[in-house]
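To keep things clear, I will list the structure first and then write my remarks on it.
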Ligand code: ADP
Ligand code: SF4
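Residue numbers (the numbering used here): 26 to 713.
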């Protein structure tokens with residue numbers, strides 16, 4: 026199939042200063058949890074993006090000097106010769122596929138942790154580290170300005186040596202250049218503070234330094250936030266930034282613009298839709314003749330074309346869509362639109378960076394595993410035998426196992442008790458704000474439909490005896506998990522005694538099938554992720570008087586790593602939900618809930634007509650144990666192996682179930698060893 030001509034505009038080359046991008050698909054800088062520590066993993070992953078058709082492939086934020094250090098969050102660096110060699114791995118792979126390679130030069134300032142290098146960062150003034158570490162930056166003096174220029178110049182020259190085509194000045198996200206830009210953060214009274222000419226001086230100088238150093242052969246890009254990070258009458262305020270932009274609009278070769286708020290730029294699909302950045306940047310194209318790129322979690326080629334045709338952007342920026350589907354451009358080019366694996370906006374990808382471990386993705390289980398496991402997002406190794414496989418359960422784990430086994434060529438039978446595919450994603454996606462979760466099912470279902478060697482049986486609950494009747498060589502149990510009603514969780518390591526009556530205790534599974542409580546409802550959250558807040562808001566909107574009680578001290582605390590925590594808590598506040606933190610439930614008599622303080626055990630009581638327990642899930646693993654018993658006692662017929670995967674093995678986010686499905690499928694009958702062990706990556710600096 027070839028592409029529809031209406032998408033031709035996406036494949037027109039575009040000149041960016043002295044270089045030319047082959048098409049309009051632009052992988053913007055995005056963090057990976059790899060950075061300077063894991064160059065081989067990075068290079069392989071970025072190379073696959075280029076193979077998948079992205080015209081430009083960028084690094085993550087790349088430090089120009091050790092005083093800009095963000096560990097625990099892994100960042101790239103261009104400090105020395107070893108970094109040049111490490112980046113060469115990436116640029117070579119990117120160039121192999123005709124794409125441009127870009128590097129986002131970054132000097133942090135006050136946000137830097139410098140926990141690794143122990144250098145003192147400098148900034149506009151001496152201010153506290155905004156991540157909460159008990160350190161302050163120092164105020165920049167004249168020597169610091171001279172040093173900064175030198176560091177940018179040196180890093181740009183190293184970038185050139187490393188083979189990059191585009192070099193960035195990173196000027197947003199509360200880092201140094203952004204802090205000089207804004208009157209709300211720049212309180213200097215020298216030539217770098219005060220009026221807009223002075224506030225724009227540092228950015229102008231930085232662009233000049235980059236241009237002088239490498240501008241003849243490399244494009245100079247700026248990452249910029251075009252709004253003032255405030256809303257008025259539900260509209261972004263842009264006046265001050267617009268005035269600033271006028272000073273610099275024609276200086277770089279490309280503008281990469283994103284809303285000032287991470288909550289918008291990197292908003293989860295719970296709160297931000299495709300194209301959510303647009304209202305924040307509407308004036309940018311009018312004020313510059315230079316190419317403009319912006320993200321918007323774009324997965325629909327129609328929306329992409331629309332963005333370009335309406336003159337909002339010249340290139341389609343993508344981080345998450347390129348993570349979920351590194352081959353998105355190729356699929357559009359080849360007219361394979363239904364094969365696009367659409368990002369679901371869960372931000373599990375961002376947790377890698379925040380937790381200091383390699384990136385992962387819910388939709389793309391190969392993300393981050395390209396080098397160390399040799400996984401490819403589009404290609405799987407061929408089957409090793411004529412074996413057949415029975416997959417029990419069609420949640421994300423069973424679906425992905427079926428998909429990857431089917432593509433390997435195995436004969437697969439997928440048996441699902443319900444009348445629909447999807448397991449937890451089908452159920453959760455019916456909850457408010459989680460509708461995009463269904464894409465996990467949609468993509469995989471679409472893929473099986475094409476495979477003659479995959480048979481799907483819905484409405485087919487299997488007992489152990491039924492499973493053996495299928496006479497499959499291998500059986501994989503992906504039967505998921507159920508939410509617990511007994512209060513067991515991370516705080517209550519045995520169930521809560523005196524909890525009743527059971528008709529007044531609910532779980533998320535009840536809510537998802539429409540069994541809803543009434544009246545005064547306590548949502549008890551010992552889970553710390555999205556489920557508690559989603560249900561609390563849903564019930565409040567349905568007319569209940571909801572109190573959100575949690576054993577921790579904020580709502581959705583895991584959301585700190587996905588960026589959604591502040592938005593989730595704001596949303597609960599706006600919904601009028603009462604929140605009670607750091608309290609555990611001791612007992613419930615159908616009217617009074619006895620609480621105890623997590624710090625002091627001080628007792629208190631609140632009244633409720635019902636409790637929704639969001640604490641932990643119990644693996645649905647009876648079938649696995651029964652089958653194991655049969656196989657081990659010689660009654661398993663021809664069964665060669667039996668495994669459990671996904672939530673049935675160990676409940677976890679959807680990403681883990683998808684990953685488990687892929688891993689099972691690729692490990693099956695594979696004796697090459699590569700799928701069983703992890704290759705460990707190492708930076709060249711460690712090699713003497
Ligand atoms: P995971 O996230 O691990 O994929 P889910 O809970 O999403 O798990 O999905 C498990 C699926 O398994 C559900 O759709 C459920 O209906 C199905 N299932 C559970 N037990 C059986 C069984 N004995 N036979 C067939 N299907 C089952
Ligand atoms: Fe999208 Fe979630 Fe994958 Fe990130 S982890 S790219 S948000 S599907």
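A virtual CB, placed ideally from N, CA and C, is assigned to each residue, including glycine.
Which first and last residues belong to the alpha helix (DSSP H) in which residue i is found?
i: residue 476; result: Note, residue 476: premise wrong, no alpha helix (DSSP H); not H, not E.
i: residue 316; result: Element bounds for residue 316: n/a, residue is neither H nor E.
i: residue 35; result: Note, residue 35: premise wrong, no alpha helix (DSSP H); not H, not E.
i: residue 328; result: 326 to 334
i: residue 65; result: 64 to 76
i: residue 355; result: 353 to 358
i: residue 579; result: From DSSP, residue 579 is part of no alpha helix (DSSP H); its letter is neither H nor E.
Going by C-alpha to C-alpha distance, which of the options sits closest to residue i?
i: residue 430; options: 97, 689, 666 and 622; result: 689
i: residue 313; options: 432, 561, 278 and 294; result: 278
i: residue 333; options: 307, 473 and 349; result: 307
i: residue 516; options: 620, 530, 117 and 473; result: 620
i: residue 219; options: 263, 651 and 149; result: 149
i: residue 65; options: 398, 546, 579 and 569; result: 398
i: residue 130; options: 694, 116 and 103; result: 103
i: residue 245; options: 264, 288, 83 and 416; result: 83
i: residue 532; options: 546, 553, 521 and 510; result: 510
i: residue 424; options: 594, 603, 672 and 264; result: 672
In angstroms with no decimal places, state the Cα-to-Cα distance between residue i and residue j.
i: residue 561; j: residue 418; result: 29 Å
i: residue 705; j: residue 68; result: 14 Å
i: residue 36; j: residue 328; result: 15 Å
i: residue 324; j: residue 60; result: 26 Å
i: residue 576; j: residue 97; result: 26 Å
i: residue 608; j: residue 573; result: 10 Å
i: residue 322; j: residue 191; result: 22 Å
i: residue 274; j: residue 478; result: 57 Å
i: residue 32; j: residue 663; result: 52 Å
i: residue 476; j: residue 432; result: 8 Å
i: residue 70; j: residue 678; result: 23 Å
i: residue 626; j: residue 147; result: 44 Å
i: residue 459; j: residue 448; result: 14 Å
i: residue 457; j: residue 426; result: 28 Å
i: residue 631; j: residue 680; result: 37 Å
i: residue 438; j: residue 415; result: 5 Å
i: residue 378; j: residue 115; result: 19 Å
i: residue 26; j: residue 361; result: 7 Å
i: residue 713; j: residue 374; result: A caution first: residue 713 carries a pLDDT of 45, below 50, which makes its placement in the model unreliable, though a value can still be read off. Straight-line Cα distance between these residues: approximately 33 Å.
i: residue 692; j: residue 384; result: 21 Å
i: residue 490; j: residue 440; result: 14 Å
i: residue 683; j: residue 628; result: 42 Å
i: residue 253; j: residue 474; result: 48 Å
Would you mind giving the Cβ-Cβ distance between residue i and residue j, rounded to the nearest angstrom? I have them listed as a contact below 8 Å.
i: residue 54; j: residue 86; result: 6 Å
i: residue 468; j: residue 366; result: 5 Å
i: residue 687; j: residue 502; result: With 8 Å as the limit, residue 687 and residue 502 do not qualify as a contact, their Cβ atoms being about 16 Å apart.
i: residue 280; j: residue 315; result: 6 Å
i: residue 507; j: residue 534; result: 6 Å
i: residue 499; j: residue 665; result: 6 Å
In terms of residues, what are the limits of the beta strand (DSSP E) holding residue i?
i: residue 638; result: 635 to 639
i: residue 246; result: 244 to 249
i: residue 389; result: Premise fails: residue 389 is in no beta strand (DSSP E) and is neither H nor E.
i: residue 90; result: That residue, residue 90, is in no beta strand (DSSP E); it is neither H nor E in DSSP.
i: residue 665; result: It is not in any beta strand (DSSP E) - residue 665 carries neither H nor E in the DSSP assignment.
Applying the 10 Å Cβ sphere with the 16-neighbour rule, what's the burial state of residue i?
i: residue 388; result: buried
i: residue 30; result: exposed
i: residue 155; result: exposed
i: residue 526; result: exposed
i: residue 335; result: exposed
i: residue 587; result: buried
i: residue 250; result: buried
i: residue 157; result: exposed
i: residue 404; result: exposed
i: residue 394; result: buried
i: residue 504; result: buried
i: residue 78; result: buried
i: residue 446; result: buried
i: residue 622; result: exposed
i: residue 566; result: exposed
Does the CB of residue i have a neighbour CB from chain D at under 8 Å?
i: residue 649; result: Here chain D cannot be found, since the structure has a single protein chain.
Does the ligand MN have a heavy atom nearer than 7 Å to the CB of residue i?
i: residue 532; result: By its list of ligands, the structure shown excludes the ligand MN, since it contains just the ligand ADP and the ligand SF4.
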